[in-house]
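J.: Numbered continuously in the working numbering, the sequence shown closes out at residue 202.
The beta-carbon is built from N, C-alpha and C at its ideal position, and this holds for glycine as well.
Fair warning: this is a prediction, and the values are worked out from it, not measured in the lab.
Below you'll find the structure I mean.
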Amino acid sequence: MQTQGDLKLAGASPAGSLLSVVRSLLVRQEAAIIIALAAFTIFFFVRNPVMLAPLTVASILRTMAYPGVVAMGMVMLMISGEIDLSTGAVMSLSAVFSAWLMTVAGLPVWLSILIALAAAMAVGAINAMVSVKIGVHSVITTMGMLFAVRGASYLFTNGVPIYPLPPVLAVVGDMRPLGLSIAFFLMLGLMVVVQLVLNRTR
1 MQTQGDLKLA
11 GASPAGSLLS
21 VVRSLLVRQE
31 AAIIIALAAF
41 TIFFFVRNPV
51 MLAPLTVASI
61 LRTMAYPGVV
71 AMGMVMLMIS
81 GEIDLSTGAV
91 MSLSAVFSAW
101 LMTVAGLPVW
111 LSILIALAAA
121 MAVGAINAMV
131 SVKIGVHSVI
141 TTMGMLFAVR
151 GASYLFTNGV
161 PIYPLPPVLA
171 VVGDMRPLGL
181 SIAFFLMLGL
191 MVVVQLVLNR
201 TR
């Protein structure tokens with residue numbers, strides 16, 4: 001037979017466990033970022049309700065996909081105490097190099113993309129080798145690589161846009177699963193991979 005005290009404890013247990021979960025979430029470092037994001041969202045929504053319109057949200061998510069991919073790589077570097085100043089230039093190089101391979105060299109789209117990604121990985125490997133093996137600080141290494149890669153991009157473009165690109169690129173770029181850009185879902189997939197790597201490795 002349960003006493004009145006037992007009933008009180010049983011009734012308070014779910015609330016207590018919920019409070020414990022909330023406290024454990026609030027002490028995490030990510031909580032401050034989420035709270036700040038929510039505060040900014042509410043502030044701008046009050047200022048302009050269009051902030052949370054579906055078209056606006058889709059545009060924001062599409063725009064954040066590309067810097068989001070770069071940021072995930074940067075996070076892994078900063079955790080290890082390093083930094084890469086050449087990420088934007090490398091991203092630009094991979095884009096113009098793949099376009100050059102498709103239009104000037106006449107290679108298939110898939111092969112052009114793979115070669116461009118391999119070139120970007122090679123640049124990253126050179127940065128890592130110079131910083132880790134030779135001992136040059138990553139700021140100096142990547143700053144020099146920034147100018148070198150930017151110059152290489154100009155060589156491929158000659159200062160003018162590369163066109164026309166294969167129509168299949170427009171088809172893929174116009175894909176809108178759930179009304180959102182395909183780039184956003186690619187960013188989410190990469191985010192899961194990065195999170196698994198960070199949680200399961202040191």
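Below 8 Å on the Cβ atoms is my guess for L190 versus M72; work out the distance and round it to an integer in Å.
T.: Position 190 of the sequence shown, counting from 1, holds the residue named residue 190. Position 72 of the sequence shown, counting from 1, holds the residue named residue 72. Their Cβ separation, rounded to whole angstroms, is 6 Å, which keeps L190 and M72 in contact under 8 Å.
J.: Helix or strand or just coil, what does DSSP make of G163?
T.: As a position in the sequence shown, residue 163 is number 163, starting the count at 1. Note that residue 163 is Tyr in the sequence shown here, rather than Gly. Y163 falls in the coil class under three-state DSSP.
J.: Considering only residues of the same chain and omitting the five flanking positions on each side of Q138, which have a CB-CB separation below 6 Å?
T.: Taking the sequence shown and counting its residues from 1, the one referred to as residue 138 is at position 138. Checking the sequence, you will find Ser at residue 138 rather than Gln. Same-chain partners within the cutoff: E82, I83 and S131.
J.: Please go through the segment 61–96 and give each complete alpha helix (DSSP H) segment of 4 or more residues, from N-terminal end onward.
T.: For the segment 61–96, not a single whole alpha helix (DSSP H) run of length 4 or above is found.
J.: Look at the alpha carbon of M121 and the alpha carbon of V171, and state the distance between them as a whole number of angstroms.
T.: The sequence position of residue 121 within the sequence shown is 121, counting from 1. The sequence position of residue 171 within the sequence shown is 171, counting from 1. Their Cα atoms are separated by approximately 26 Å.
J.: How close, in whole Å, do the beta carbons of V149 and L93 come, if the pair is a contact with beta carbons under 8 Å?
T.: Counting from 1 along the sequence shown, the entry for residue 149 is found at position 149. Counting from 1 along the sequence shown, the entry for residue 93 is found at position 93. V149 to L93, Cβ: 5 Å. Contact.
J.: Using three-state DSSP, classify V104 as helix, strand or coil.
T.: Walking along the sequence shown from the start, residue 104 turns up at place 104. Note: V104 maps to coil in three-state DSSP.
J.: Tell me whether S59 is buried or exposed, calling it buried when 16 or more other Cβ atoms sit within 10 Å of its Cβ.
T.: Translated into positions along the sequence shown, residue 59 becomes position 59. Classification for S59: exposed.
J.: Classify L196: buried if its beta carbon has 16 or more other beta carbons within 10 angstroms, exposed otherwise.
T.: Taking the first residue of the sequence shown as 1, we reach residue 196 at position 196. The residue is exposed, with fewer than 16 neighbouring Cβ atoms inside 10 Å.
J.: Closer than 7 Å by C-beta to V69: which residues in its own chain qualify, once you throw out the five before and the five after it? Chain order, please.
T.: Taking the first residue of the sequence shown as 1, we reach residue 69 at position 69. Contacts found: M187 and L190.
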